Amino acid sequence: MISFLIFLGVFLFMECVTWLTHKYVMHGLMWYFHADHHQPKYDHAFERNDIFFVIFAVPSIVLFYFGVQGGFNYLFFIACGVTLYGICYFLIHDVLIHQRFKWFKNTKNKYLIGLRKAHKIHHKHLGKEEGECFGMLFVPFKYYKM
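Per our numbering, residue 45 is the first one in the sequence shown, and the count goes up by one each step.
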């Protein structure tokens, strides 16, 4: 039971980490890597922004390693929470919102449509200032009603 609570807690906490990282790192210190993501009609398969997948994957891999070495200890379940969040982020951000893969093109789900609308508002700002909606899985309720 404690393992599941660790996993779930980390998964939910990752939304906070994502929001803070997106607002203060991606739109701050590491804007160079995130800037191409805010340009309309980016023509390449990969963006400099994709480096953030690697940045988040490395700690997860390390946690898996030490979590398994310790006999599936709490580090393993932390890694599971981070990894599941990464998978959800990929499916929401790259597949659903930016359509890098055309898997969920015609959804009627109000939650998913709300996520799309909030992210569209985020991308209306091409620069690093004046951004809004930095989260990924939890966005203000007003976007579900629009």
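Ideal Cβ placement from N, Cα and C applies to all residues, glycine included.
Predicted, not measured: the structure shown is a model, and the values here were computed from it.
Assuming residue i and residue j form a contact by the criterion Cβ under 8 Å, report the distance between their Cβ atoms to the nearest whole angstrom.
i, j, result
"A162", "V139", "In fact, because the Cβ distance is near 16 Å, the residues do not count as touching under 8 Å."
Mark residue i as exposed unless 16 or more other C-beta atoms lie within 10 angstroms of its C-beta, in which case mark it buried.
i, result
"I122", "buried"
"M45", "exposed"
"C177", "buried"
"H166", "buried"
"L73", "exposed"
"Y68", "exposed"
"H78", "buried"
"Y109", "exposed"
"H88", "exposed"
"I105", "exposed"
Does the distance from the CB of residue i to the CB of residue j come in under 8 Å?
i, j, result
"W75", "K172", "yes"
"C132", "L181", "yes"
"I50", "Y155", "no"
"F120", "G111", "yes"
"G175", "H71", "yes"
Looking at C-beta atoms only, is the number of pairs between the stretch 123–133 and the stretch 143–151 that lie closer than 8 Å three or more? Touching, no, given that fewer than three Cβ pairs across the two stretches are closer than 8 Å.
Count the C-beta pairs between the stretch 79–99 and the stretch 45–57 that are closer than 8 Å, then say yes if the count reaches three, no if not. Contact fails: fewer than three Cβ-Cβ distances are below 8 Å.
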